[in-house]
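Residue numbers for the sequence shown follow my numbering, beginning at 43 and rising by one. Heads up, the beta-carbon is just placed ideally off N, CA and C, and yes, glycines get one too. Treat the numbers as computed from the prediction; the structure is a model and nothing was measured. These notes are about the structure you will find just below.
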Amino acid sequence: MTVTASTTRAGILARPPYRGRLLIDGRWLDAADGATLERRSPAHGHVVGVYAQASAADAQNAVAAARAAFDQGPWASMKGSQRAAILRAVADAILERKHDLAIQECLENGKPLGQALAEIEGSADLWHYAATLARNLHGDSYNNLGADSLGVVLRDPIGVVAIITPWNFPFLILSQKLPFALAAGCTAVVKPAEVTSGTTLMLGELLLAAGLPAGVVNIVVGLGPVVGEALVSHPDVDMLSFTGSTAIGKQAAAKAAVTLKKVSMELGGKNPQIIFADCDFDAAVDAAVYGIYFNTGQCCNSGSRILVQASIVERFTAAVIERSRQVRIGDPLDDGVHAGAITTEKQYQGILAHLAAAREAGATIALGGSPIAAGHGQFIEPTVVTGVTPDMAVAREEVFGPVLAVLSFESVDDAVAIANSTLYGLSAAVWSQDFTTCMSAARRIRAGTIWINTFLEGHAELPFGGYRHSGIGRELGRFAAEDYTETKTLQMHLGPRTYWWLPR
Ligand code: NAD
Numbered sequence: 043m044t045v046t047a048s049t050t051r052a053g054i055l056a057r058p059p060y061r062g063r064l065l066i067d068g069r070w071l072d073a074a075d076g077a078t079l080e081r082r083s084p085a086h087g088h089v090v091g092v093y094a095q096a097s098a099a100d101a102q103n104a105v106a107a108a109r110a111a112f113d114q115g116p117w118a119s120m121k122g123s124q125r126a127a128i129l130r131a132v133a134d135a136i137l138e139r140k141h142d143l144a145i146q147e148c149l150e151n152g153k154p155l156g157q158a159l160a161e162i163e164g165s166a167d168l169w170h171y172a173a174t175l176a177r178n179l180h181g182d183s184y185n186n187l188g189a190d191s192l193g194v195v196l197r198d199p200i201g202v203v204a205i206i207t208p209w210n211f212p213f214l215i216l217s218q219k220l221p222f223a224l225a226a227g228c229t230a231v232v233k234p235a236e237v238t239s240g241t242t243l244m245l246g247e248l249l250l251a252a253g254l255p256a257g258v259v260n261i262v263v264g265l266g267p268v269v270g271e272a273l274v275s276h277p278d279v280d281m282l283s284f285t286g287s288t289a290i291g292k293q294a295a296a297k298a299a300v301t302l303k304k305v306s307m308e309l310g311g312k313n314p315q316i317i318f319a320d321c322d323f324d325a326a327v328d329a330a331v332y333g334i335y336f337n338t339g340q341c342c343n344s345g346s347r348i349l350v351q352a353s354i355v356e357r358f359t360a361a362v363i364e365r366s367r368q369v370r371i372g373d374p375l376d377d378g379v380h381a382g383a384i385t386t387e388k389q390y391q392g393i394l395a396h397l398a399a400a401r402e403a404g405a406t407i408a409l410g411g412s413p414i415a416a417g418h419g420q421f422i423e424p425t426v427v428t429g430v431t432p433d434m435a436v437a438r439e440e441v442f443g444p445v446l447a448v449l450s451f452e453s454v455d456d457a458v459a460i461a462n463s464t465l466y467g468l469s470a471a472v473w474s475q476d477f478t479t480c481m482s483a484a485r486r487i488r489a490g491t492i493w494i495n496t497f498l499e500g501h502a503e504l505p506f507g508g509y510r511h512s513g514i515g516r517e518l519g520r521f522a523a524e525d526y527t528e529t530k531t532l533q534m535h536l537g538p539r540t541y542w543w544l545p546r
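If you want it as structure tokens, here you go:
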């Protein structure tokens with residue numbers, strides 16, 4: 043990060059809280075009832091954001107604005123090239139404001155500043171990628187239906203999309219959804235997680251400055267059971283794009299079904315990294331450590347369980363523990379920290395409860411397991427849990443913290459069976475230098491992404507999403523904008539009619 047007075051540690055801590063209001067129909071508004079909410083830094087304890095807090099009535103106004111903007115245009119009927127130009131302008135504006143965005147993300151989420159900056163830059167890339175899809179989105183034609191028939195399949199924007207996002211990657215996850223919905227010609231109402239709303243509101247400023255017509259994107263900050271539910275249940279919302287926990291996702295999908303909305307669900311994971319004895323040992327150790335401590339383990343994609351072949355499990359676990367001791371978890375504004383704060387008090391308590399349950403079930407906390415006392419923040423030590431069996435909760439449930447469960451296996455069949463034994467199916471990794479071993483495991487694991495000799499890489503071009511309780515649908519990739527469309531069939535008859543009955 044370029045160092046200026048405002049980007050030094052002292053400058054960042056002294057900056058006033060970011061203040062934001064609701065974006066409805068192109069205007070910044072207070073909540074109708076005047077309510078506000080405050081966000082405190084989970085790493086430092088002071089107030090870093092003050093936002094208008096929407097009620098269900100505000101959410102309904104936002105839907106009405108999105109509906110009118112969709113039905114009356116011009117967004118949905120604009121040329122793809124015009125939409126693409128606006129998406130590119132937003133991408134450029136994100137890059138221009140990246141330091142400010144990264145600082146707010148760091149302060150609200152608790153993640154290291156350098157990591158936040160990389161996420162903002164990665165998000166700008168997603169806006170650029172979506173711009174290419176805006177120009178390439180097209181339907182299909184059938185010229186093979188006989189001399190008197192021609193079929194054309196149109197891709198129509200689905201309409202108003204409600205976008206509900208979590209707190210772990212607030213800007214990145216929003217950027218996995220919104221630009222693709224906009225590329226397709228949809229309008230949107232966005233509800234960020236109430237604890238990390240700042241960067242979503244900052245994006246609203248950039249959208250208006252880039253020339254997005256009023257009402258195309260509306261942003262309502264507020265609580266899930268109030269604002270989220272109002273959006274999920276609203277009959278004028280055509281599609282729900284949700285990222286969050288499996289429990290809330292299931293409830294939201296059930297409510298969305300009442301009005302038969304299309305749903306796209308990116309939910310939880312309990313992702314295994316499978317380490318075979320013939321792997322590149324050091325690379326796999328590094329990936330095991332990175333996979334669990336990156337973002338303090340608060341990733342849907344965290345490699346929260348490693349399955350290690352029995353012949354190397356002791357040596358591998360010892361190496362992981364040794365490397366974990368060197369991981370620095372602490373103030374996200376300090377240079378050289380690998381991971382920062384636990385983002386919410388609820389999450390912090392939940393991780394500690396998971397650790398207590400693991401001990402109770404007979405597992406061993408081989409490293410860490412305790413809070414770190416650092417300033418006013420919520421921090422938990424890098425933690426490795428051994429003696430774990432596949433039936434234990436710590437092997438099956440999402441802990442969403444810096445807690446690695448170590449399991450062992452004998453054969454490929456064994457490893458695949460354990461990998462597939464949870465309800466989730468978001469991602470997995472396979473580590474072996476043998477092609478057949480990698481492919482035989484990768485093809486049988488039921489998960490949306492399988493990394494082979496790597497972990498947690500992402501590219502705009504590659505689809506992302508989960509099997510089973512990890513979700514429904516895929517984001518990113520060349521079909522990402524299509525997900526926000528309906529198909530419409532035009533069937534044309536050429537020449538004289540072939541009569542059902544012949545007129546006399
Ligand atoms: P969460 O489910 O608590 O909240 C997600 C969003 O839903 C928030 O905006 C919240 O306010 C809203 N919400 C809460 N109650 C609601 C309701 N009744 N109706 C509608 N909306 C409601 O999740 P979280 O704690 O913010 O995020 C962590 C979870 O997200 C983890 O389980 C993680 O695995 C998952 N996640 C998944 C992916 C993925 O792509 N698969 C990515 C990131 C996070």
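Apply the 10 Å Cβ neighbour rule to residue i and answer buried if 16 or more other Cβ atoms are within range, or exposed otherwise.
| i | result |
| --- | --- |
| R125 | buried |
| P208 | buried |
| Y526 | buried |
| Q95 | buried |
| N178 | exposed |
| V263 | buried |
| T464 | buried |
| L55 | exposed |
| E356 | exposed |
| R81 | buried |
| W493 | buried |
| Q420 | buried |
| Y541 | exposed |
My understanding is that residue i touches residue j, with C-beta atoms under 8 Å, so please give their C-beta distance in whole angstroms.
| i | j | result |
| --- | --- | --- |
| I414 | I384 | About 10 Å; that fails the 8 Å criterion. |
| G270 | I334 | Wrong, their Cβ atoms sit about 29 Å apart, outside the cutoff. |
| P116 | P255 | 6 Å |
| F358 | I317 | 6 Å |
| Q351 | F451 | 6 Å |
| R510 | Y466 | 6 Å |
| P221 | L129 | 5 Å |
| K297 | V274 | 5 Å |
| A470 | A461 | 6 Å |
| R365 | V331 | 5 Å |
Tell me whether residue i, by its Cβ, gets closer than 7 Å to a heavy atom of ligand 1.
| i | result |
| --- | --- |
| A131 | no |
| E308 | yes |
| K303 | no |
| S512 | yes |
| N185 | no |
| E271 | yes |
| N210 | yes |
| I334 | no |
| E80 | no |
| V274 | yes |
| L243 | no |
| E440 | yes |
| P234 | yes |
| Q391 | no |
| A294 | yes |
| L64 | no |
In its own chain, which residues sit with a C-beta less than 7 Å from the C-beta of residue i, not counting the 5 before and 5 after it?
| i | result |
| --- | --- |
| Q218 | L168, E517, L518 |
| L214 | E161, G164, S165 |
| E528 | D198, I200 |
| V430 | A405, V436, A437, A447, V448, L449 |
| I363 | A408, L409, V426 |
| A28 | Nothing can be reported for residue 28, as the shown portion of the chain is limited to 43 through 546. |
| R57 | S48 |
Near residue i, which residues of its chain fall below 6 Å by C-beta distance, leaving aside the five closest residues on each side in sequence?
| i | result |
| --- | --- |
| L149 | S83, V90 |
| A104 | I66, V231, N260, V262 |
| A131 | A252 |
Is residue j closer than 8 Å to residue i when the C-beta atoms are compared?
| i | j | result |
| --- | --- | --- |
| F336 | V305 | no |
| D280 | V195 | no |
| R370 | L449 | no |
| S474 | D320 | yes |
| C341 | N210 | yes |
| F497 | Q315 | yes |
| H418 | H86 | yes |
| H372 | K153 | The sequence given here places Gly at residue 372; His does not occur at that position. Their beta carbons are not under 8 Å apart, which means G372 does not touch K153 by this criterion. |
| G62 | S239 | yes |
| E147 | T241 | yes |
So, at 8 Å on beta carbons, what are the nonlocal neighbours of residue i in its own chain, with the 5 sequence-adjacent residues on each side left out?
| i | result |
| --- | --- |
| A111 | D67, W117, T229, P255, A256, G257, V258 |
| T479 | F318, D320, V454, V472 |
Just checking: is the beta-carbon of residue i within a distance shorter than 8 Å of some beta-carbon in chain D?
| i | result |
| --- | --- |
| L192 | This model lacks chain D altogether, as it is built from one protein chain only. |
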